[in-house]
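I have placed the structure first, in the form of structure tokens, so that the comments after it can refer back to it.
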Amino acid sequence: MTKIQWYPGHMNKARNQLEEKLNLIDVVIEVLDARIPSASRNPMISELVGDKPHLIILNKTDLADPVMTKLWQKKLQGPRTLVMAMDAQHNTNMQALITLIKKAASEKVKKLEERGASNPIIRVCLVGVPNCGKSTIINRLVGRNVTMTGDRPGVTKGQAWLKTPYGIQILDTPGILWPKFEDQEVGYKLAAFGAIKDTIFHADDVALFVIRQLRQYYPAYLAKFANCTKDKLENIGDTDLLLAMTQNNGMREDYDRFSLFMLQRLRKGKLGRISLDWPSANNEN
Ligand SMILES: Nc1nc2c(ncn2[C@@H]2O[C@H](COP(=O)(O)OP(=O)(O)OP(=O)(O)O)[C@@H](O)[C@H]2O)c(=O)[nH]1
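The UniProt record's numbering numbers the first residue of the sequence shown as 1 and each following residue consecutively.
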């Protein structure tokens, strides 16, 4: 398998900018892709957040395995960390999100009110890997499209304070990603769900990774997508299966093209509600 190496300069810059602005922020909102909550976490996030109130959003729950999402919700909850699951695309749970932001900031708000401030502004920032839904959530909170959204990594590039009607202001930051993937599996999971640009990985490598994962955890979904029986699935190797699916879909031997097609279907939830990270016994927080 080829190694996915990714080192875009603006990601590093984003991390430094965030570090600089952190003292202006009351609540750090970390957006995770609910299908890969572990792979979509930045390993430096706990360090960055320090003892600031921290809110984790498991986003894209409409596409994730609901059982896994429940387990992750429980797992990520901590003394200073609130967790909520949402589907920003379809605008669910926005009121709950506002309530939770206010709850996370309540200590600071109380202090300011004791000093005489009325309705103090709560300042938040959203962080997360590309394509996890930050702009979509920001747009929902602000109530209009203030940032570009698109199903392609790295769309958010600027930085500004955005006002909402709820007494909350948002710092729009670009997604932060690992400067370098130490763990190849993390890279493949991010590539599978669109956090890494399609042009910097080999689609067939990622498709084969996905086939292996589905074979192990979601064999029925794989059999359905491959249009074959579970028995047949057990007797065919991964590469042969990829080739057979390519041919069955009229793409002859163009398995690169088919691989991209398969990844697009996976990302849209057309293979089923699939999560590829399992909460381990270790504390992820
Ligand atoms: N199905 C589904 N799609 C979502 C959800 N949230 C966002 N999306 C879609 O995911 C894609 C990426 O969303 P963005 O809001 O642009 O993600 P981002 O994190 O701001 O991306 P960058 O700008 O690349 O950092 C868009 O096509 C959104 O419509 C969700 O909860 N469910």
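C-beta: ideal position from N, C-alpha, C; glycine also.
Nothing here was measured: the structure is a model prediction, and the numbers come from that model.
Between T61 and D33, the CB-CB gap reaches or exceeds 7 Å.
In summary, N227 is exposed, with fewer than 16 beta-carbon neighbours lying within 10 Å of its beta-carbon over all protein chains present. Judged by the Cβ position, K189 fails to qualify as a neighbour of ligand 1 at the 6 Å threshold, every heavy atom of the ligand being at least this far.
Here K189 is buried, its C-beta having at least 16 other C-beta atoms within 10 Å. A direct Cα-Cα distance of roughly 21 Å separates E47 from I170. Residue pairing by DSSP places R80 in no beta bridge whatsoever. Assignment of A85 by DSSP, reduced to helix, strand and coil, places it in the strand class. Not one heavy atom of ligand 1 lies closer than 6 Å to the C-beta of C125. Here the alpha carbon of L24 sits roughly 12 Å from the alpha carbon of K108. By the Cβ criterion, the stretch 34–43 is not in contact with the stretch 108–123, since fewer than three pairs of Cβ atoms, one from each stretch, lie closer than 8 Å. In the DSSP assignment, D256 falls within the unbroken alpha helix (DSSP H) covering Y255 to R267. A Cβ-Cβ contact shorter than 7 Å links A191 with F201. Cα atoms of Q77 and L241: separation of roughly 40 Å, rounded to the nearest angstrom. Remark: the C-beta of T92 is outside contact range of ligand 1, defined as less than 6 Å to any heavy atom. The alpha-carbon of P130 is positioned some 33 Å away from that of G237.
Here E234 is not bridged, per DSSP, to any residue. Take R257, set aside five residues on each side of it, and the residues of its chain with a beta-carbon closer than 6 Å to its own are M251, in chain order. A Cβ-Cβ separation of about 5 Å places L82 in contact with L100 under the 8 Å criterion.
Contact between the stretch 207–215 and the stretch 56–72 is absent, with fewer than three C-beta pairs closer than 8 Å. V124 sits in a strand when the DSSP states are folded into three classes. Proximity of the beta carbon of Q89 to ligand 1 is indicated: a heavy atom of the ligand is located closer than 6 Å.
When the alpha-carbon of E182 is set against those of D26, A39 and N16, the nearest one is in A39. Here T229 is exposed. Its C-beta has fewer than 16 other C-beta atoms within 10 Å. The DSSP-derived three-state label of N59 is strand.
Secondary structure of E182 (DSSP, three-state): coil. Between I138 and D172, the gap from beta carbon to beta carbon is short of 7 Å.
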